[in-house]
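What follows is one structure encoded as structure tokens, with my remarks underneath.
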């Protein structure tokens, strides 16, 4: 019923980001819980993950999570308010405004850690 | 007011069972909680913390010896696992037409999710993290 317009994109992006974040969640739980194997294993794993490829992946996951979170709030407004469905398109633009305001400082901070000089 | 009733009524009408309606509500309630939990997690572990340099075993030991963080992480783990797995179930139901294939995909997905969650729960509640001297 959205006919390929904003609502359709919002819907597909929500699903794709959700699946990607679930996949990351599984890997992230395994990775962090493997600290049970002790300091030698865990510190070696973290050293391996200091490759910027993983850092970039982490920023990508944060970017997907933030979209999913903000669009999820849009869905809740559509479900539980009298005006949400009528203004779903405007709400989606609102999602992107918040995305830039919250996301850009966050992503740049993270990129700074990944590519910055450190001490 | 009429619209509000209509949306919920719609969910209620479309739900195949009371269980499906409960999941529909759970997705919204857990969603709101997860917005705060996940953004808090990102803020403390990826913005305040230089995760690229300062995340190591010692940091993990400190987190795992704090009852507050353990509870926070446990809540985050369980809500995100349930929210994510149920979301994936919706997608599987929408995109896999064959009932047999659908059932098998679900068995595989639920098994993996269960094992990973058990591993995470063991780390949170069944392990004693000692500082390296």
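Chains as they are written, first to last, in the numbering used here: chain A, 304 to 422; chain B, 181 to 313. Ideal placement from N, C-alpha and C gives every residue a C-beta, glycine not left out. Predicted, not measured: the structure shown is a model, and the values here were computed from it.
Compare the C-alpha of residue 343 of chain A against each of B/236, B/213 and B/227 and name the closest.
For the purposes of this step, residue 343 of chain A is taken as the residue at position 40 of the first chain. Residue 343 of chain A has its Cα closest to that of B/236, out of B/236, B/213 and B/227.
Run through the segment 215-278 of chain B for me and flag every whole beta strand (DSSP E) of 3 or more residues, listed as ranges in chain order.
none
Against chain A, which members of the segment 257-268 of chain B pass a CB distance test of less than 8 angstroms?
257, 260, 261, 264, 265, 267 and 268
Quick one: Cα of residue 315 of chain A to Cα of residue 322 of chain A, how far?
As a first step, residue 315 of chain A must be located in the first chain, where it is residue number 12. As a first step, residue 322 of chain A must be located in the first chain, where it is residue number 19. When rounded, the distance between both Cα atoms is 11 angstroms.
So is residue 330 of chain A buried or exposed if we call it buried at 16+ other beta carbons inside 10 Å?
In the first chain, the residue the question calls residue 330 of chain A occupies position 27. Residue 330 of chain A should be labelled exposed.
Residues of chain B with CB under 8 angstroms from residue 358 of chain A, in chain order?
Position 55 of the first chain, counted from the start, is the residue given in the question as residue 358 of chain A. By Cβ distance, chain B contributes 232.
Select from A/352, A/390 and A/416 the residue whose C-alpha is nearest the C-alpha of residue 310 of chain A.
On the first chain, residue 310 of chain A is found 7 positions in, with the first residue counted as 1. Among A/352, A/390 and A/416, the Cα nearest to that of residue 310 of chain A is on A/390.
Chain B partners of residue 366 of chain A, CB-CB under 7 angstroms?
Counting from 1 along the first chain, the entry for residue 366 of chain A is found at position 63. Within chain B, no residue comes near residue 366 of chain A; the closest Cβ sits about 11 angstroms away, beyond 7 angstroms.
Count the other CB atoms, across all protein chains shown, that sit within 10 Å of the CB of residue 377 of chain A; report buried if there are 16 or more and exposed otherwise.
For the purposes of this step, residue 377 of chain A is taken as residue 74 along the first chain, with counting starting at 1. Looking at its Cβ environment, which holds 16 or more other Cβ atoms inside 10 Å, residue 377 of chain A is buried.
Cβ distance (whole Å) where residue 288 of chain B is taken to contact residue 379 of chain A below 8 angstroms:
Translated into the one-based positions of the second chain, residue 288 of chain B becomes position 108. Translated into the one-based positions of the first chain, residue 379 of chain A becomes position 76. Contact doesn't hold; Cβ gap of about 31 angstroms is too wide.
Is the CB-CB distance between residue 296 of chain B and residue 332 of chain A below 7 angstroms?
On the second chain, residue 296 of chain B is found 116 positions in, with the first residue counted as 1. On the first chain, residue 332 of chain A is found 29 positions in, with the first residue counted as 1. Yes. Within cutoff.
Chain B contact for residue 379 of chain A (CB, 7 angstroms cutoff):
Here residue 379 of chain A refers to the residue found at position 76 when the first chain is read from its first residue. Yes, residue 379 of chain A counts as interfacial toward chain B.
Helix, strand or coil for residue 190 of chain B? Go by DSSP, reduced to three states.
Locating residue 190 of chain B in the second chain gives position 10, counting from the first residue. Reduced to three states, the DSSP call for residue 190 of chain B is helix.
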